[in-house]
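In my numbering, the protein residues as written are 536 to 965. Some notes on the structure that comes next.
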């Protein structure tokens, strides 16, 4: 497995990226120092634990018998069955399927679903699904967005690649793409094994193409995030990235004719933050009334509620994540509203979509691929570069403390069901 590049690391021979990485190092140093100074002023992270617990990390409710064998044939069948079970239940299956690491037999929580990976028969619990194969099918159906090269130059920068600086943008695109998949196709949707592709799947991939005509391209995100420090060739933190999405989606909603032929974002967006400069930390404040108003405003005072995407930027430590928050982060993946986490090693953002034990399972944006143009109506398009079957992992205690969590609430019930849980947690931690 190729290790992730660190922020400020010297890139491979790429003349257009060398200066970018120097800028990344400066941004990293500035962000880290400002976060450290602010949290030292505010005091211990213990002071904001209760608020984070009650407002963000715990606001969601987690919402073959063998017979008829005889003689040698029965014995042979049993032997083959036993070998197959060991193969599927052990690391050999993962290595055969191209996974980055053989996972353990512990349960996997992946975007609100539990997968039983032990060799024993999985329980009849309706909230869990059994088997490595079922998990891998789910994992490989998630939209994978990576570094690209060979696209049209970004604005006036002349950069035609985002290698070594665009990982946070790509990670955020993956999270938002999952929200669109869940909205249009449902959580149970799986990528077809062969062409033709699902029309909605193709249309969603088109939205994230590497061109200004694609609504949620890296080009348009950088333009929308200028006031938050986004620029071609420079690394950016999760808070600024969330605000860039807020700006882009507002523009997309208010002036849909400007981007992608009247394609508009189909849900409200709420960036939950307790500080105007979210990179410095501070407890986020979730206001259900604000979220509800955003839904009503999105539908222009119609009676029906709109779905809503919640983005929650957090700083959960100084140089490294505070261990007390790790169980809470793990718990967010059990919520049916889970969209995962924008995070990773310092300076190397990934899209964390699941957990097993104390390890994060993620899709890695650091693979370089050629830019492709997928037309929204081309159901025969090759979409293979937007999906990945390699499961990568990292220890949760090594992820960057600056991260953002995403949630998708489809309707009023999913959103308002959070209120009771939040109040109960407030009592428990007071």
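Note that CB positions come from ideal geometry on N, CA and C, so glycine has one too. No experiment lies behind these values; they were computed from the predicted model shown.
Query	Result
Spatial neighbours of residue 659 within its chain, please: C-beta separation below 6 Å, excluding the five flanking residues on both sides.	A caution first: residue 659 carries a pLDDT of 45, below 50, which makes its placement in the model unreliable, though a value can still be read off. Here the set comprises nothing.
Could you check how far apart the C-beta atoms of residue 751 and residue 845 are, in whole angstroms? I think they sit under 8 Å.	Actually they are not in contact, since the Cβ atoms of residue 751 and residue 845 sit about 18 Å apart, beyond 8 Å.
May I ask which residues mark the beginning and end of the beta strand (DSSP E) holding residue 650?	648-651
I believe residue 877 touches residue 926 by the beta-carbon criterion, under 8 Å. Please report the beta-carbon distance rounded to the nearest angstrom.	18 Å between Cβ atoms; not a contact.
If you drop the 5 nearest sequence neighbours on each side, which residues of the same chain put their C-beta closer than 7 Å to that of residue 763?	775, 778, 779
Scan the stretch 673-730 and note each continuous beta strand (DSSP E) run of 3 residues or more that stays entirely inside, going in chain order.	682-684
On a CA-only basis, which of 865, 940, 843 is nearest residue 717? Give me that one, please.	843
Could you check which residue in 714, 706, 935, 688 has the C-alpha nearest to that of residue 746?	688
Buried or exposed: which applies to residue 639, given that a residue is buried once 16 or more other Cβ atoms fall within 10 Å of its Cβ?	exposed
For residue 905 and residue 832, I'd like the C-alpha separation in whole angstroms.	40 Å
Measure how close the beta-carbons of residue 706 and residue 922 come, nearest whole angstrom, since I'm counting them as under 8 Å.	Actually they are not in contact, since the Cβ atoms of residue 706 and residue 922 sit about 16 Å apart, beyond 8 Å.
Assuming residue 843 is part of the beta strand (DSSP E), what are its boundary residues?	843-850
Can you tell me which of the three DSSP states residue 744 falls into?	coil
For residue 830, which beta-bridge partners are listed by DSSP?	Residue 830 pairs with nothing; no bridge assigned.
Mind checking residue 759: buried by the 16 CB within 10 Å criterion, or exposed?	buried
Tell me, to the nearest whole angstrom, how far the beta carbon of residue 849 is from that of residue 710; I am working on the premise that it is less than 8 Å.	Wrong, their Cβ atoms sit about 14 Å apart, outside the cutoff.
Under the rule that 16 or more other beta-carbon atoms within 10 Å means buried, what is residue 872, buried or exposed?	buried
For residue 948, which residues from the same chain have a beta carbon less than 6 Å from its beta carbon, with the 5 sequence-adjacent residues on both sides left out?	none
Within 10 angstroms of its Cβ, does residue 823 collect 16 or more other Cβ (buried), or is it exposed?	exposed
Quick one, which of 674, 684, 841 has its alpha-carbon nearest residue 699's?	684
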